[in-house]
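So the protein sequences, as listed, match chains A and B.
Letter by letter, the first sequence follows residues 1 to 338 of the working numbering.
Letter by letter, the second sequence follows residues 339 to 676 of the working numbering.
No residue lacks a Cβ here, since even glycine has one placed at the ideal position from N, Cα and C.
Number of protein chains: 2
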Amino acid sequence: MAQHRSGDGGAPTMRDVAASAGVSAMTVSRVLKNDTRVSEPARERVLAAVEELGYRRNETARSLRLGGSGMIGLVVTNLANPFYSRLALGVQEVASEHGLRVLLSNTAEQVDKERGLVEDLASRQVDGMIVVPAGSSHRHLAPAALRGMPIVLASRPPAGMDADCVLVDDFGGAEQATAQLIADGHRRIGFLGNPPALYTGAERFRGYWAAHESAGIEPDESQVRRGLTDVPTAEAAARALLDAPDAPTALFCTNNRLTQGAIRAVRALGRPVALAGFDDFDLADVLGLPLTIVSYDADEIGRRAGQMLIDRINGSSAGPIPARRTVVPTHVIRYGTH
Amino acid sequence: MAQHRSGDGGAPTMRDVAASAGVSAMTVSRVLKNDTRVSEPARERVLAAVEELGYRRNETARSLRLGGSGMIGLVVTNLANPFYSRLALGVQEVASEHGLRVLLSNTAEQVDKERGLVEDLASRQVDGMIVVPAGSSHRHLAPAALRGMPIVLASRPPAGMDADCVLVDDFGGAEQATAQLIADGHRRIGFLGNPPALYTGAERFRGYWAAHESAGIEPDESQVRRGLTDVPTAEAAARALLDAPDAPTALFCTNNRLTQGAIRAVRALGRPVALAGFDDFDLADVLGLPLTIVSYDADEIGRRAGQMLIDRINGSSAGPIPARRTVVPTHVIRYGTH
DNA sequence: CTGTTAGCGCTTTCAA
DNA sequence: TTGAAAGCGCTAACAG
Numbered sequence: 001m002a003q004h005r006s007g008d009g010g011a012p013t014m015r016d017v018a019a020s021a022g023v024s025a026m027t028v029s030r031v032l033k034n035d036t037r038v039s040e041p042a043r044e045r046v047l048a049a050v051e052e053l054g055y056r057r058n059e060t061a062r063s064l065r066l067g068g069s070g071m072i073g074l075v076v077t078n079l080a081n082p083f084y085s086r087l088a089l090g091v092q093e094v095a096s097e098h099g100l101r102v103l104l105s106n107t108a109e110q111v112d113k114e115r116g117l118v119e120d121l122a123s124r125q126v127d128g129m130i131v132v133p134a135g136s137s138h139r140h141l142a143p144a145a146l147r148g149m150p151i152v153l154a155s156r157p158p159a160g161m162d163a164d165c166v167l168v169d170d171f172g173g174a175e176q177a178t179a180q181l182i183a184d185g186h187r188r189i190g191f192l193g194n195p196p197a198l199y200t201g202a203e204r205f206r207g208y209w210a211a212h213e214s215a216g217i218e219p220d221e222s223q224v225r226r227g228l229t230d231v232p233t234a235e236a237a238a239r240a241l242l243d244a245p246d247a248p249t250a251l252f253c254t255n256n257r258l259t260q261g262a263i264r265a266v267r268a269l270g271r272p273v274a275l276a277g278f279d280d281f282d283l284a285d286v287l288g289l290p291l292t293i294v295s296y297d298a299d300e301i302g303r304r305a306g307q308m309l310i311d312r313i314n315g316s317s318a319g320p321i322p323a324r325r326t327v328v329p330t331h332v333i334r335y336g337t338h
Numbered sequence: 339m340a341q342h343r344s345g346d347g348g349a350p351t352m353r354d355v356a357a358s359a360g361v362s363a364m365t366v367s368r369v370l371k372n373d374t375r376v377s378e379p380a381r382e383r384v385l386a387a388v389e390e391l392g393y394r395r396n397e398t399a400r401s402l403r404l405g406g407s408g409m410i411g412l413v414v415t416n417l418a419n420p421f422y423s424r425l426a427l428g429v430q431e432v433a434s435e436h437g438l439r440v441l442l443s444n445t446a447e448q449v450d451k452e453r454g455l456v457e458d459l460a461s462r463q464v465d466g467m468i469v470v471p472a473g474s475s476h477r478h479l480a481p482a483a484l485r486g487m488p489i490v491l492a493s494r495p496p497a498g499m500d501a502d503c504v505l506v507d508d509f510g511g512a513e514q515a516t517a518q519l520i521a522d523g524h525r526r527i528g529f530l531g532n533p534p535a536l537y538t539g540a541e542r543f544r545g546y547w548a549a550h551e552s553a554g555i556e557p558d559e560s561q562v563r564r565g566l567t568d569v570p571t572a573e574a575a576a577r578a579l580l581d582a583p584d585a586p587t588a589l590f591c592t593n594n595r596l597t598q599g600a601i602r603a604v605r606a607l608g609r610p611v612a613l614a615g616f617d618d619f620d621l622a623d624v625l626g627l628p629l630t631i632v633s634y635d636a637d638e639i640g641r642r643a644g645q646m647l648i649d650r651i652n653g654s655s656a657g658p659i660p661a662r663r664t665v666v667p668t669h670v671i672r673y674g675t676h
């Protein structure tokens with residue numbers, strides 16, 4: 001019954017190609033795999049049959065048989081942030097060099113969603129995954145939860161577990177930019193920060209603080225606003241700081257959205273205030289504001305994470321390699337006149 | 339031999355769960371599928387075994403058996419462009435509502451790459467795909483090439499074939515913005531455009547031209563520069579137009595990068611020049627330039643494309659539905675004083 | 001160089 | 001309500 005449906009609407013299978021070429025399915029498989037041990041005439045007949053039938057190998061069946069999928073998962077927190085879309089491109093670049101596809105998903109910073117996505121990726125037999133962890137609990141990312149599936153964390157380090165990761169020099173960048181403001185003569189530098197529970201938030205604050213200490217300046221806690229998440233909250237916080245009697249002469253912002261909020265506040269103010277912040281952005285030079293930007297290559301984070309993951313995938317048989325960590329450098333750019 | 343390895347390092351299979359729960363694999367399958375025809379005690383034993391073994395259903399095997407993958411493909415031309423990352427988020431939103439995953443890839447505007455990616459998606463048995471076509475040849479996207487796999491084109495219409503698509507009101511947006519400039523009193527309006535071979539380029543130029551005609555103004559071909567692709571080329575073209583003796587008093591730009599180039603040129607010039615362009619961008623209001631922006635909801639394009647694809651996937655049995663086309667509206671935003 | 005056999009992990013079908 | 005058999009399309013392992 002249903003003798004391997006040939007001729008019905010369904011897509012042709014290897015058997016169909018084999019029948020059409022007058023060989024066995026194995027020969028077709030070998031030709032498609034570029035196995036050398038196939039005679040030239042057979043190869044040609046197979047390729048002709050493939051062409052004629054419009055045959056396309058079924059990767060799902062292949063994956064099942066081979067035990068891997070040729071895909072890696074990438075889970076980011078916010079694809080709308082150019083930082084993460086760049087990171088994704090970096091990952092794709094490295095992945096495609098190795099013939100791997102990237103299955104990309106977005107968590108919108110929700111840990112529940114992350115957990116579900118990671119589970120699903122594992123279910124789909126990805127060869128490994130790269131995750132920008134949304135929360136501070138990483139239990140569901142631990143080797144135990146993933147049965148040893150290779151994983152690399154990006155932007156934020158593993159918490160309560162061990163894993164490869166690629167970080168940015170958050171501390172160094174913040175320290176350097178803050179030092180620059182101090183060198184410019186600023187003594188009251190406000191701080192607009194993202195939630196301190198986030199690794200980047202904590203590190204960048206550390207850098208800001210360390211720069212003060214190195215310069216022998218006592219930073220003023222009253223000039224610090226943390227837990228900011230978007231442009232409006234940052235703008236409001238900046239406004240509040242700048243309206244106070246002991247207003248800062250400069251502001252340090254821990255990411256592009258907060259910098260944007262600060263820019264709005266400063267614009268509305270009329271009085272010149274120096275700004276420093278993480279993440280370069282388009283037209284920063286055109287604004288005509290004294291801007292000190294901590295920049296870094298987001299693609300590079302993706303590329304390194306991709307490479308690390310691939311190393312891990314290929315080397316997984318060589319026993320438990322200790323977790324690696326790499327840090328992408330930052331550099332300071334200055335826009336406007338200071 | 340190798341009696342279905344139980345206990346070795348490999349991930350547990352349904353058989354392992356079945357053995358552990360004292361039932362058959364079928365019962366496990368039914369429980370996991372929420373099939374009601376399973377006794378309560380059996381269900382509980384299965385769930386307990388799943389929990390204990392840390393069992394995770396193999397979606398690859400499931401896909402092979404079911405003939406679909408629960409994934410849809412999304413192919414964009416440039417993920418670094420916020421427009422496309424937004425579009426991707428829109429697609430993901432709709433897809434996840436329907437329990438579908440999105441396999442996202444980037445063509446970097448290269449048709450060859452697109453062809454390969456589309457092939458690969460088909461090989462991976464995606465349930466359908468959404469493509470922002472890179473070139474003007476769409477043969478590899480035709481139903482014949484894809485064996486009737488559902489496809490939706492986004493941003494650019496099908497050429498030489500028929501398919502569902504979601505477009506932006508390129509013509510209307512360009513016409514409206516240009517009319518606005520004319521209403522402001524401008525009579526010499528330069529045009530900075532992307533390659534005319536691109537649908538968006540052609541449509542936006544049509545809109546620009548039509549607005550002139552409606553106003554009874556003869557547009558001047560010498561003020562038109564097309565084929566621009568990035569910020570530097572746009573800046574150079576704008577500079578050249580503005581340096582000429584019969585310089586335009588306003589410029590219309592067909593996309594965000596070209597607008598950026600024009601902004602740089604105008605900034606350097608010192609003389610006020612009105613700018614209009616497609617695609618809203620961050621801080622547009624802060625620049626302090628008279629800016630007329632054609633804006634639209636990129637997420638919405640993704641959502642509509644996703645919904646269209648899902649309709650097509652679900653309704654594919656109901657015979658050949660004619661290709662649909664939907665157009666996302668634009669609206670004009672004005673920044674600065676005009 | 002080529003083919004046969006077996007089976008990846010799951011679910012549909014049919015029978016109990 | 002449950003299970004046994006068969007097979008989705010492919011390829012490793014083993015003949016020949």
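message: The beta strand (DSSP E) that contains B/A574, what's its start and end?
response: Stepping through the second sequence from its first residue, residue 574 of chain B is reached at position 236. First-last for B/A574: V569 to D581, but that is the alpha helix (DSSP H), not the beta strand (DSSP E).
query: Straight-line CA distance for B/L566 to B/E573?
result: Indexing the second sequence from 1 puts residue 566 of chain B at position 228. Indexing the second sequence from 1 puts residue 573 of chain B at position 235. About 10 Å.
message: Less than 6 Å between C-beta atoms, sequence neighbours within five positions excluded: which residues of the same chain meet that for B/V679?
response: Any answer about residue 679 of chain B is impossible in this case: the structure gives chain B only from 339 up to 676.
field: N- and C-terminal bounds of the beta strand (DSSP E) containing B/T588
entry: Taking the first residue of the second sequence as 1, we reach residue 588 of chain B at position 250. The residue asked about is misnamed: residue 588 of chain B is Ala in this sequence, not Thr. From DSSP, the beta strand (DSSP E) with B/A588 extends over A588 to C591.
query: Going along the chain, which residues of its own chain have a beta-carbon closer than 7 Å to the beta-carbon of A/Q92, five neighbours each way excluded?
result: Taking the first sequence and counting its residues from 1, the one referred to as residue 92 of chain A is at position 92. Answer for A/Q92: V102, listed in chain order.
- prompt: Just reading off the beta strand (DSSP E) that A/G128 is part of, what are its end residues?
  reply: Mapped onto the first sequence, residue 128 of chain A falls at position 128. Run containing A/G128: G128 to V131, per the beta strand (DSSP E) assignment.
field: Element boundaries [beta strand (DSSP E), containing B/V366]
entry: Taking the first residue of the second sequence as 1, we reach residue 366 of chain B at position 28. Unbroken run through B/V366 is the alpha helix (DSSP H), A363 to L370; no beta strand (DSSP E).
- request: State the start and end residues of the unbroken beta strand (DSSP E) segment that holds B/R439.
  value: For the purposes of this step, residue 439 of chain B is taken as residue 101 along the second sequence, with counting starting at 1. It spans R439 to N444 - the beta strand (DSSP E) in which B/R439 sits, taken as one unbroken run.
- prompt: Hey, A/L192 and A/T249: beta-carbon distance below 8 Å or not?
  reply: Counting from one through the first sequence, the residue named residue 192 of chain A turns up at place 192. Counting from one through the first sequence, the residue named residue 249 of chain A turns up at place 249. Result no, Cβ atoms of A/L192 and A/T249 do not sit closer than 8 Å.
query: Does any residue of chain A bring its CB to less than 8 Å from the CB of B/D581?
result: Translated into positions along the second sequence, residue 581 of chain B becomes position 243. With 8 Å as the cut-off, B/D581 does not count as an interface residue toward chain A.
query: Which stretch, first to last residue, makes up the beta strand (DSSP E) that contains B/A614?
result: Locating residue 614 of chain B in the second sequence gives position 276, where the first residue counts as 1. Segment A612 to F616, the beta strand (DSSP E) holding B/A614.
task: Just the chain B side, please: which residues come within less than 9 Å of A/Q92 by C-beta, in chain order?
output: Walking along the first sequence from the start, residue 92 of chain A turns up at place 92. In chain order: L417, L442, S443 and N444.
- prompt: For the segment 119–133 of chain A, which residues have a CB atom closer than 8 Å to at least one CB atom of chain B, in sequence order?
  reply: E119, D120, A122, S123, R124 and Q125
- prompt: What separation, rounded to the nearest whole angstrom, lies between the Cα atoms of B/V506 and B/M487?
  reply: Locating residue 506 of chain B in the second sequence gives position 168, counting from the first residue. Locating residue 487 of chain B in the second sequence gives position 149, counting from the first residue. Their backbone Cα atoms lie some 24 Å apart in a straight line.
query: Nearest to A/V328 by alpha carbon, out of A/M71, A/E97, A/Y335 and A/G302?
result: Here the question's residue 328 of chain A lines up with position 328 in the first sequence. Ranking A/M71, A/E97, A/Y335 and A/G302 by Cα distance to A/V328 puts A/G302 first.
- prompt: Mind checking B/E390: buried by the 16 CB within 10 Å criterion, or exposed?
  reply: Here residue 390 of chain B is taken as the residue at index 52 of the second sequence, counted from 1. Per the 10 Å Cβ criterion, exposed.
- prompt: Cβ atoms of B/V414 and B/V470: under 8 Å apart, would you say?
  reply: For this step, residue 470 of chain B is matched to residue 132 along the second sequence. For this step, residue 414 of chain B is matched to residue 76 along the second sequence. A contact, by the Cβ cut-off of 8 Å.
field: Nearest-angstrom Cα separation, counted from B/D458 out to A/D127
entry: Counting from 1 along the first sequence, the entry for residue 127 of chain A is found at position 127. Counting from 1 along the second sequence, the entry for residue 458 of chain B is found at position 120. So the two alpha carbons sit approximately 17 Å from each other.
- prompt: Just the Cα atoms here: how many angstroms apart are B/L519 and B/S633?
  reply: Taking the second sequence and counting its residues from 1, the one referred to as residue 519 of chain B is at position 181. Taking the second sequence and counting its residues from 1, the one referred to as residue 633 of chain B is at position 295. Roughly 16 Å between the two C-alpha positions.
- prompt: With a cut-off of 8 Å, does the C-beta of B/V414 fall near any C-beta of chain A?
  reply: Residue 414 of chain B sits at position 76 when you count from the first residue of the second sequence. With 8 Å as the cut-off, B/V414 does not count as an interface residue toward chain A.
- request: Give the straight-line distance between the Cα atoms of B/E397 and B/A363, rounded to the nearest whole angstrom.
  value: Sequence index remark: in the second sequence, residue 397 of chain B carries index 59 (1-based). Sequence index remark: in the second sequence, residue 363 of chain B carries index 25 (1-based). Each residue's alpha carbon lies about 16 Å from the other.
- prompt: How big is the Cα-Cα spacing for A/I189 and B/D620?
  reply: On the first sequence, position 189 is the one that residue 189 of chain A refers to. On the second sequence, position 282 is the one that residue 620 of chain B refers to. Between A/I189 and B/D620, the C-alpha separation is close to 25 Å.
- request: Output, in sequence order along the chain, the residues in the segment 385–402 of chain B whose CB is closer than 9 Å to any CB in chain A.
  value: G392, R394, R395, N396, E397, T398, A399, R400, S401 and L402
task: Could you tell me whether the segment 441–450 of chain B touches the segment 402–417 of chain B, using the rule of 3 or more Cβ pairs below 8 Å?
output: yes
query: When burial is assigned at 16 or more other CB atoms within 10 Å of the CB, is B/G285 buried or exposed?
result: Summary: the structure shown does not reach residue 285 of chain B, with chain B confined to residues 339 through 676, and so no result is reported for it.
task: Per DSSP, which residues does A/A154 bridge with? Please list them.
output: By 1-based counting over the first sequence, the position of residue 154 of chain A is 154. DSSP, once it has assigned bridges, lists A/V166 as partnering A/A154.
Contact with chain A by B/M339, beta-carbon distance below 8 Å: As a first step, residue 339 of chain B must be located in the second sequence, where it is residue number 1. Summary for B/M339: the model assigns pLDDT 35, below 50, so the residue's position carries little reliability, and this model does not support an answer.
task: Just list the beta strand (DSSP E) runs in the segment 160–206 of chain A, keeping only unbroken ones of 3 residues or longer that don't cross its boundaries, in chain order.
output: 164–168 and 189–192
- prompt: Which value, in whole angstroms, describes the spacing of the CA atoms of B/T668 and B/D635?
  reply: Sequence index remark: in the second sequence, residue 668 of chain B carries index 330 (1-based). Sequence index remark: in the second sequence, residue 635 of chain B carries index 297 (1-based). Rounded to whole angstroms, B/T668 to B/D635 spans 8 Å at the Cα level.
query: Where does the unbroken alpha helix (DSSP H) through A/N53 begin, and where does it stop?
result: Stepping through the first sequence from its first residue, residue 53 of chain A is reached at position 53. For the record, residue 53 of chain A in the displayed sequence is Leu; it is not Asn. Residues E40 to L53.
- request: Check A/M1 in the structure and name its three-state DSSP category.
  value: The residue labelled residue 1 of chain A in the question sits at position 1 within the first sequence. With a pLDDT of only 34 at A/M1, under the threshold of 50, the placement of this residue in the model should not be trusted; the figure read from the coordinates follows. Reduced to three states, the DSSP call for A/M1 is coil.
Beta-carbon separation (whole angstroms), B/F509 vs B/R544, contact threshold 8 Å: Numbered from its first residue, the second sequence carries residue 509 of chain B at position 171. Numbered from its first residue, the second sequence carries residue 544 of chain B at position 206. Their Cβ separation, rounded to whole angstroms, is 5 Å, which keeps B/F509 and B/R544 in contact under 8 Å.
field: the segment 598–605 of chain B touching the segment 270–289 of chain A, judged by at least three CB pairs closer than 8 Å
entry: yes
query: Among B/S475, B/A612, B/L613 and B/A512, which one has its Cα closest to the Cα of B/W547?
result: The residue labelled residue 547 of chain B in the question sits at position 209 within the second sequence. Closest option to B/W547, Cα to Cα, is B/A512.
field: 8 Å Cβ cutoff, A/I293 in contact with chain B
entry: Locating residue 293 of chain A in the first sequence gives position 293, counting from the first residue. No, its Cβ sits nowhere closer than 8 Å to a Cβ of chain B.
message: Just verifying my parser: in three-state terms, what is the DSSP assignment at A/L291?
response: For the purposes of this step, residue 291 of chain A is taken as the residue at position 291 of the first sequence. Correct three-state label for A/L291: strand.
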